[in-house]
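Just so we're aligned, residue 1 is where the sequence shown starts under full-length UniProt numbering, counting upward by one.
Backbone N, C-alpha and C fix where the C-beta goes; we use that ideal spot for every residue, glycine too.
If you're wondering where the values come from, they're calculated on a predicted model, not measured in any experiment.
Below is one structure, written out as structure tokens; the observations come after it.
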Amino acid sequence: MGACFGAPIGGVLFSLEVASYYFPAKTLFRSFFCALAAAYVARALNPFGEEHLILLSVDHDTTWHFVELVPFAALGVCGGIFGALVVCCNKAVQKFRRKRCAERPITYLLVLTAVFSFTAYLHPDLRAEEKLFIRKLVSSCTAGDQEDLWWALSTSI
Numbered sequence: 001m002g003a004c005f006g007a008p009i010g011g012v013l014f015s016l017e018v019a020s021y022y023f024p025a026k027t028l029f030r031s032f033f034c035a036l037a038a039a040y041v042a043r044a045l046n047p048f049g050e051e052h053l054i055l056l057s058v059d060h061d062t063t064w065h066f067v068e069l070v071p072f073a074a075l076g077v078c079g080g081i082f083g084a085l086v087v088c089c090n091k092a093v094q095k096f097r098r099k100r101c102a103e104r105p106i107t108y109l110l111v112l113t114a115v116f117s118f119t120a121y122l123h124p125d126l127r128a129e130e131k132l133f134i135r136k137l138v139s140s141c142t143a144g145d146q147e148d149l150w151w152a153l154s155t156s157i
């Protein structure tokens with residue numbers, strides 16, 4: 001994470017969030033050193049040319065206004081509520097899996113594979129070659145790209 005976004009401290013905080021059940025101070029220093037080394041190596045190699053130092057770079061051409069904080073705060077509240085709903089649904093799915101799918105794990109695996117394969121096949125970008133998909137995934141959007149926006153919204157839910 002630190003190398004991807006060019007932020008070593010963010011990489012350490014992400015690793016702290018992921019492994020928060022046990023994270024001693026010695027490991028915290030090591031993870032900071034690793035994230036710092038990864039960000040330094042990414043800067044030294046400069047894999048994306050001089051204009052973009054990191055993979056997910058953002059250029060800020062305009063400033064923000066105080067009024068814009070209201071929709072972002074609403075998005076944060078909606079994200080928290082949606083996250084709580086996802087946790088509740090995940091608990092229900094896990095309870096169902098323990099009861100119903102324990103007897104036939106192979107059947108469960110085949111059904112799950114078929115559902116995800118069918119869903120992925122419906123998305124036109126997922127049918128493309130991996131190189132094209134990755135290139136489209138990390139490229140910047142233009143004003144004409146909005147006709148495919150409903151696919152992105154439908155698959156992100």
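- Item | Per-residue DSSP class, three states only, for residue 129 | Three-state result, residue 129: coil.
- Query: For residue 157, does the count of other Cβ atoms within 10 angstroms reach 16, so buried, or fall short, so exposed?
  - Reply: Annotation note: pLDDT 49 at residue 157 (below 50); position unreliable, no value reported.
- For residue 117, the first and last residue of its enclosing alpha helix (DSSP H): Boundaries of the alpha helix (DSSP H) around residue 117: 105 to 122.
- Query: Counting Cβ pairs, one atom from each stretch, are 3 or more of them under 8 Å apart for the segment 7 to 15 and the segment 32 to 46?
  - Reply: At 8 Å Cβ cutoff, the stretches touch.
- To the nearest angstrom, report how far apart residue 133 and residue 84 are at their CA atoms. One C-alpha to the other measures close to 31 Å.
- Looking only at its own chain, which residues have a Cβ that is under 6 Å from the Cβ of residue 137, when we skip the five neighbours before and after it? A distance below 6 Å between beta-carbons, with the five flanking residues on each side excluded, links residue 137 to no residue of its chain.
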